[in-house]
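Residue numbers (my numbering): 38 to 155.
Even glycine gets a Cβ: it sits at the ideal position worked out from N, Cα and C.
This structure is a prediction, so every number in the text was calculated from the model and none was measured.
Have a look at this one:
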């Protein structure tokens, strides 16, 4: 089950940039590119740099500000080695009214306990 969390209002993230948000113990980078919001884990898997502060190019790749590793902001692929299994987690994003919301998957035990309480 996916739970959505409001993180910002539409218009608060500038086109072509990212912002970091703390949600349920995670740091998540949300980007606006060509009118579409995407969300990935904010930490570069190389050494933990904040991807939200990286440069986003025209193809939708964010470049890590520390060591220039590149990741796709849509699917988390490591673009410097696309055949690698290394990637950053991605999260669904939706717009509800004027709110930007990021979805997180609830662990199975939380989903089960919520269903039994209903």
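Exposed unless 16 or more other CB atoms sit within 10 angstroms - verdict on residue i
i: residue 84; result: exposed
i: residue 122; result: exposed
i: residue 73; result: exposed
i: residue 66; result: buried
i: residue 39; result: exposed
i: residue 132; result: exposed
i: residue 47; result: exposed
i: residue 120; result: exposed
i: residue 71; result: exposed
Beta-carbon separation (whole angstroms), residue i vs residue j, contact threshold 8 Å
i: residue 102; j: residue 90; result: 5 Å
Nearest residue (CA-CA) to residue i, options the options
i: residue 93; options: 132, 64 and 55; result: 55
i: residue 96; options: 69, 51 and 136; result: 69
Host beta strand (DSSP E) of residue i (start-end)
i: residue 59; result: 54-60
i: residue 141; result: 136-142
i: residue 80; result: Note, residue 80: premise wrong, no beta strand (DSSP E); not H, not E.
Sequence-distant residues of its chain with Cβ nearer than 8 Å to residue i (five each side left out)
i: residue 108; result: 77, 81, 88, 98, 99, 101, 114, 115, 116, 124 and 125
Own chain partners of residue i with C-beta closer than 6 Å, once the 5 adjacent residues on each side are dropped
i: residue 64; result: 57 and 79
i: residue 149; result: Because residue 149 sits at a pLDDT of 48, beneath the cut-off of 50, its placement in the model cannot be relied upon, and the following sentence gives the value as read from the coordinates. Taken in chain order, the list of residues that qualify is empty.
Cut-off 7 Å between Cβ atoms - residues of its own chain near residue i, not counting five sequence neighbours on either side
i: residue 127; result: 76, 77, 112 and 113
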